[in-house]
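Each residue of the sequence shown is one higher than the one before, starting from 1 at the first, in UniProt numbering. Here a beta-carbon is modelled for each residue, glycine too, at the ideal position from N, C-alpha and C. Since the model is a prediction, treat every value here as computed from it, not as a measurement. The structure appears right after this line, and notes come after that.
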Amino acid sequence: MAKTIGRDRKRGRVMEARAFSNLMTRKRRFKVKTNSGTEDAWEENRRKRRNKQERKRRNNR
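This is the structure in structure tokens:
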């Protein structure tokens, strides 16, 4: 398969290149440009992540 490049630090394992790039894009998506560094940005990130999870769950039915 693909060459293993990235390391998922939380799980401590080497991943496939595709999985790693997916992880990176996911991380990038949750960075909020508006009022960054404030508690609001943190809350907004959390809300976005929750909404995305909800959407996934609804679509899986």
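Would you report the Cα separation of residue i and residue j, rounded to the nearest angstrom?
i, j, result
"residue 58", "residue 40", "27 Å"
"residue 62", "residue 21", "Residue 62 lies beyond the residue range present for the chain, which begins at 1 and ends at 61; the question has no answer from this structure."
"residue 54", "residue 19", "22 Å"
Is it buried or exposed for residue i, if we count other Cβ within 10 angstroms and need 16 for buried?
i, result
"residue 2", "No answer about residue 2 holds up, because its pLDDT of 48 lies below 50 and its placement is not dependable."
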